[in-house]
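Student:
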Amino acid sequence: MADRKTLHTLEVLSVTREDAGQYSAYISNAAGAAYSSARLLVRGPKDPEEKPAPDAHQQLVPPRFLERFASKKVNKGSSITFSVKVE
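Using the numbering used here, the first residue of the sequence shown is number 11, and each one after it goes up by one.
(1) In whole angstroms, what is the alpha-carbon distance linking residue 35 and residue 21?
(2) Relative to the C-alpha of residue 53, which candidate in 47, 26, 41, 76 has its C-alpha closest?
(3) For residue 49, which of helix, strand or coil comes out of DSSP?
(4) Nearest CA to the CA of residue 30: which residue from 42, 48, 41?
(5) Tell me where the beta strand (DSSP E) around residue 31 begins and ends.
(6) Can you tell which of 28, 42, 56, 41 has its C-alpha closest to the C-alpha of residue 50?
Below, the structure is given as structure tokens:
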């Protein structure tokens with residue numbers, strides 16, 4: 011997880027097709043909650059490029075993280091929960 015002011019990034023190293031799927035984050039504090047979700051598509055070198063549909067009506071405001079995610083290891087097919095504090 012990388013945090014550069016308003017950009018927060020989850021990096022999957024040595025990505026394989028098995029890493030493809032839906033990744034979601036739910037973050038809450040006393041003032042409210044934020045949710046974000048993205049689909050990861052892993053393409054091979056000869057796969058056609060898929061472009062996401064634009065969503066011009068949604069204005070996103072990122073949360074401010076007060077601490078970083080901790081590194082975790084999980085078994086293939088298992089779920090994992092990352093917890094952090096945000097402002």
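Yeah, the Cβ is synthetic: ideal placement off N, Cα and C, and Gly gets one too. The model shown is predicted, which means the values in this text are computed figures rather than measured ones.
Tutor: Taking the geometry as given:
(1) 14 Å
(2) 26
(3) strand
(4) 48
(5) 31 to 39
(6) 28
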